[in-house]
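**Student:**
In my numbering, the protein residues as written are 2 to 86.
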């Protein structure tokens, strides 16, 4: 799918999208189309904005939220300390 060049998102549009993202980080295609129509930008621009925002929000999670205890495997040092001391 190629993106048609249209207007840029204004500061106010971005603020609105930030608030919208807090409520719904994964809008449907219809919701994205409605946002694109409202802001007079391409649907691709809205899709890219949400995709980038989700990636950035995952990147900025606190360390505790990124680590799941059941999926963390012990290091060699911790195994060595457990069995030999």
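Every residue, glycine too, gets a C-beta built ideally from N, C-alpha and C. Please read these numbers as outputs of a predicted model, since none were measured by experiment.
Can you give me the start and stop residues for the alpha helix (DSSP H) that residue 11 sits inside?
**Tutor:** In the chain shown, the residue the question calls residue 11 occupies position 10. Neither: residue 11 is in no alpha helix (DSSP H) and is coded neither H nor E.
**Student:** Just how far apart, CA to CA, sit residue 49 and residue 18?
**Tutor:** Within the chain shown, the letter at position 48 stands for residue 49. Within the chain shown, the letter at position 17 stands for residue 18. Cα to Cα, the separation comes out at about 12 Å.
**Student:** When you compare each of 40, 33, 34 and 61 to residue 12 by their alpha carbons, which one comes out closest?
**Tutor:** Within the chain shown, numbered from 1, the residue matching residue 12 stands at position 11. Nearest option by C-alpha distance: 40.
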